[in-house]
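J.: Top line first, the protein sequences correspond to chains A and B. Taking our numbering, the leading residue of the first sequence gets 1, the next gets one more, and so forth. Taking our numbering, the leading residue of the second sequence gets 300, the next gets one more, and so forth.
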Amino acid sequence: MTNLIQILIDGVLVGLVYGLVAISFVVIYRASRIVNLAQGEVLVFGALFLWTFTLGLEHVGAGLPLVVGILLTLAACVVLGLILERFVFRPLIGQPAFAIFMASIALLILLRGLAQLVWTAETRSFPVILPEGAFEIGPFLINTRLFLGALFTVALTFGLHAFFTRSRRGLRLAAVAEDHNTALSLGVSVRGAIAVAWILGAIVATFAAMVLLSGRIVSLEVATIGFKALPVALLGGLESIRGAPLAGILIGVGEALAMAYLDPHTNGAASAVLPFCVMIGVLLIRPQGLFGWKKIERL
Amino acid sequence: MLPTGVHFETYAGEARILKTRRATAWLGLLILGLVILPQAVGPYTVGVFTHMFITLMAVYGLYVTVGLGGQINIAQSAFVGVGAFATAKLSGYGLPFWAVIPMAALITGAVSVIFALPAAKVKGFYLALTTLAAQVMFPIVIFALPMDWLGGLVGMAVEPVRLGPITLGSPVHFYYFTLVLVGLLTVAAFNLPRTRFGRSLMAVRDNDVVAEVMGVPVFRTKVMAFFAGSLFAGVAGACTAYFLQFVTVESFTLFASVWYLGMLIVGGAASPVGAILGVVFITAVQEGLHSAATVMLQSGAAGGGMLFALTSIVLGGCILVALIFEPRGLAHRWSVIRTAFQLWPFPRN
């Protein structure tokens, strides 16, 4: 029993990290109707920026305080987001979903290549931002880093949800997510919305990188977390900020249970395949996810 | 656009793919050139062309699914992989290639149908996500299956193609083998849009709600779009298996799927000509980068990871440029040039 509850706790904490990455998908979709498959690569860029501004500068003898490093990273992410908006997605406004989808795939390849060219494929250690170790509640062990990350995810969810449903700007972004052409004809700036989307997406991805990688190892392989978070975003509903952490918890717990009880019988495949089976199941049964918008087509 | 002075008096003439004698003559020259190619160039170039033919088969399949059917598929490489593993397994039982290749194609088609089923409820990138799931699950499943089924981590060896008493093991023999196959598939790809099934695919691509109203069975057509596209992928997979004489999961990555889609986008998804132009163009770029990187490696200016990084950047850049500046792809450029050539000396039509 103790064992099962420990598995559930770990699943929830890991699931909330997935939820955080999924939020970075959702903020981009919610403000621009773009599903950015390259989100994992954006996360890696955030992580590599942070490495450059902290340990990288220390190596060349120009170390900065951690807070300054983080601020510089966020600034670099904003610049990255704006560049992507200006040169990739602004020219594609009004194009069919297929073109935008392909552009995000092309971006995935391009960013992966760029990261390898600039930072090379070697692995490097990531600065410690959140405290390491674990604390005990009764018989259960809780990872401090993941626990703080989970608290942060919950706070961020409420903040972003309020922004998207209460503020005037946030509601305008929802109009863009509904349809580019309609939004343009109503006088909503689609460019502005896409810029906001990418800035938010890059910043949230960087936060996710900090929670995920603090005190760990960065390599280009980390980008696969993007593909793990995609089913989470889909299960929660691509338009729903609050759905993302909830779906993250569901998938995290499912994965933890599969890892504990099914993996020994399937050579470790069950937990890896589970999120994608969930994804196909969601698309078969309830395509809009748990809290997404249901779209009705009329002729 | 037809050359000046060409006109048709029968419907059959109008409907022909090669409309003029000159077009037939050019095609004849192309085929002749491809047949005598191995006599003129070294084994490396023959290998590049063989690889290019196999890629073209897979991209024809994408043309059917994406270009004709409008269903995004980013698992083509996984489907090619299914075809390759099916070929490895079947030829391991001692079956001849003319039985193995159709069976591998059918198996691949059957697998793709599983991932096309959500098409009943969703479309666009939601459907693309199920193919993404197929691509991600493919290596995990192969690794998890028992070793003696599909080779697991190690992979499987494949016997070379046997044609009666002759073994098609040499590169030149295999070049002709793929040339014949790619010729057959080219005929299929060019004729598909003219069939009833091809027209229903295009109706679903253009507007599926309207297609449903017109009486096209939309769900069945979407699933069939994946099935038909995967038949091509299955043949490509069989050729890959026979070509490499060894299959591992490493050859069938998401990255390869994106290459296939990139070729189709750069070439233009609207016609099979786009598939051909895209494959030729990207292969030429790849080879160019390859030789440039070799020179740089020898002069010590670059590290080993450079080539991979550079090809990624060039491919991503090519797709983005094509999407932003020329969404109709090289095929559109090609038809503009051809029209100008045919209308010469008149400046425009």
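C-beta: ideal position from N, C-alpha, C; glycine also. What you are looking at is a predicted structure, and each value in this text was computed from that prediction instead of being measured.
Going by DSSP, what residue range makes up the alpha helix (DSSP H) through Glu511 of chain B?
T.: It spans Asp507 to Met513 - the alpha helix (DSSP H) in which Glu511 of chain B sits, taken as one unbroken run.
J.: Can you tell me whether DSSP reads Val188 of chain A as helix, strand or coil?
T.: Three-state DSSP puts Val188 of chain A in coil, outside helix and strand.
J.: Tell me which residues share the same chain as Val282 of chain A and place their Cβ nearer than 7 Å to its Cβ, disregarding the 5 neighbours each side in the sequence.
T.: Closer than 7 Å at the Cβ level, and outside the excluded window around Val282 of chain A, lie Leu234, Leu235 and Gly289.
J.: From what residue to what residue does the alpha helix (DSSP H) around Glu41 of chain A run?
T.: Note, Glu41 of chain A: alpha helix (DSSP H), Gln39 to Trp51.
J.: Going by Cα to Cα distance, which pick from B:Val305, B:Ser529 and B:Ala574 is closest to Ile406 of chain B?
T.: Among B:Val305, B:Ser529 and B:Ala574, the Cα nearest to that of Ile406 of chain B is on B:Ser529.
J.: Output yes if chain A places a C-beta closer than 8 Å to the C-beta of Leu575 of chain B; else output no.
T.: Looking at the sequence itself, residue 575 of chain B is Ile, so the reference to Leu does not match. No, because no Cβ of chain A sits closer than 8 Å to the Cβ of Ile575 of chain B.
J.: With respect to the alpha helix (DSSP H) encompassing Phe396 of chain B, which residues constitute its N-terminal and C-terminal limits?
T.: Here the alpha helix (DSSP H) through Phe396 of chain B covers Phe396 to Ala415.
J.: What is the rounded straight-line gap between the Cα of Lys521 of chain B and the Cα of Ala270 of chain A?
T.: Rounded to the nearest angstrom, the two C-alpha atoms are 29 Å apart.
J.: What residue from B:Tyr425, B:Ala433, B:Ala398 and B:Phe396 has the CA that sits closest to Ile413 of chain B's CA?
T.: Closest option to Ile413 of chain B, Cα to Cα, is B:Ala433.
J.: Is the segment 566-574 of chain B in contact with the segment 625-634 of chain B, if contact means three or more CB pairs nearer than 8 Å?
T.: With the cut-off at 8 Å, the segment 566-574 of chain B and the segment 625-634 of chain B touch.
J.: Between the C-alpha atoms of Leu650 of chain B and Pro302 of chain B, what's the straight-line distance to the nearest angstrom?
T.: Given that chain B is displayed from residue 300 to residue 648, the structure contains no residue 650 of chain B and the question cannot be resolved.
J.: On the three-state DSSP scale, how would you describe Ile100 of chain A?
T.: Ile100 of chain A falls in the helix class under three-state DSSP.
J.: Just to make sure I have the definition right: I need the residues of chain A whose C-beta is within less than 8 Å of the C-beta of Thr429 of chain B. Which are they?
T.: Within chain A, the residues near Thr429 of chain B are Met279, Ile280 and Leu283.
J.: Between Tyr359 of chain B and chain A, is any beta-carbon pair separated by less than 8 Å?
T.: Chain A, which has no Cβ nearer than 8 Å to the Cβ of Tyr359 of chain B, makes this no.
J.: Would you kindly work out how many angstroms separate the C-alpha atoms of Asp263 of chain A and Phe473 of chain B, rounded to a whole number?
T.: Taking the straight line from one Cα to the other gives about 42 Å.
J.: Work out the CA separation of Val512 of chain B and Leu244 of chain A for me, nearest whole Å.
T.: Reading the sequence as shown, one finds Ala at residue 244 of chain A and not Leu. About 37 Å.
J.: Once the 5 residues before and after Trp119 of chain A are set aside, which same chain residues still bring their CB inside 7 Å of it?
T.: The answer, listed in chain order, is Leu48.
J.: Whole angstroms is fine: what's the gap from Pro96 of chain A's alpha carbon to His306 of chain B's?
T.: Answer to the nearest angstrom: the Cα atoms are 37 Å apart.
J.: In three-state DSSP terms, what is Val12 of chain A?
T.: Reduced to three states, the DSSP call for Val12 of chain A is helix.
J.: Taking a cut of 7 Å between CB atoms, which residues from the segment 92-106 of chain A lie near chain B?
T.: Residues Leu92, Ala97, Phe98, Ala99, Phe101, Met102, Ala103, Ile105 and Ala106.
J.: Please classify Leu151 of chain A: does DSSP put it in a helix, a strand, or coil?
T.: Helix.
J.: Between B:Gly341, B:Gly616, B:Ala398 and B:Ala357, which lies nearest to Phe525 of chain B when the distance is taken from Cα to Cα?
T.: For Phe525 of chain B, the nearest C-alpha among the options comes from B:Ala357.
J.: Under a Cβ-count criterion, where at least 16 other Cβ atoms within 10 Å of its own Cβ denotes burial, should Ser469 of chain B be classed as buried or exposed?
T.: Under this definition Ser469 of chain B is an exposed residue.
J.: So, helix, strand or coil for Leu238 of chain A, using DSSP?
T.: Residue state, collapsed to three classes: coil.
J.: Please work out which residues of its chain come closer than 8 Å, Cβ to Cβ, to Trp397 of chain B, disregarding the five sequence neighbours upstream and downstream, and give them in chain order.
T.: Closer than 8 Å at the Cβ level, and outside the excluded window around Trp397 of chain B, lies no residue.
J.: So, is the C-beta of Gln6 of chain A closer than 8 Å to a C-beta in chain B?
T.: Not one chain B Cβ lies under 8 Å of Gln6 of chain A.
J.: Going by beta-carbon coordinates alone, are Leu389 of chain B and Ala403 of chain B separated by less than 8 Å?
T.: Cβ distance < 8 Å, so Leu389 of chain B and Ala403 of chain B count as in contact.
J.: Please state if the CB of Gly533 of chain B and the CB of Gly408 of chain B are separated by a distance shorter than 8 Å.
T.: Yes, Cβ-Cβ distance for Gly408 of chain B and Gly533 of chain B is below 8 Å.
J.: Closest by CA to Val471 of chain B, which one among B:Gly561, B:Ala322 and B:Leu336?
T.: Here the closest residue by C-alpha is B:Leu336.
J.: Whole angstroms are fine: how far does the CA of Ala134 of chain A sit from the CA of Ala621 of chain B?
T.: Whole-angstrom Cα-Cα distance: 51 Å.
J.: Going along the chain, which residues of its own chain have a beta-carbon closer than 6 Å to the beta-carbon of Trp558 of chain B, five neighbours each way excluded?
T.: Within the same chain, Trp558 of chain B has no close Cβ partners at all.
J.: Can you pull the chain B neighbours of Gly268 of chain A, defined as C-beta to C-beta under 8 Å?
T.: Here the neighbours are Ala443.
J.: For Val17 of chain A, does the three-state DSSP call read helix, strand or coil?
T.: Residue state, collapsed to three classes: helix.
J.: Which of helix, strand or coil does DSSP assign to Met210 of chain A?
T.: Three-state DSSP puts Met210 of chain A in a helix.
J.: Which same chain residues end up closer than 8 Å to Gln116 of chain A when comparing Cβ atoms and leaving out the 5 residues on each side of it in sequence?
T.: So the qualifying residues of the chain are Leu220.
J.: Taking DSSP as the reference, what is the three-state secondary structure of Ser125 of chain A?
T.: In the structure shown, Ser125 of chain A sits in a strand (DSSP, three-state: E or B).
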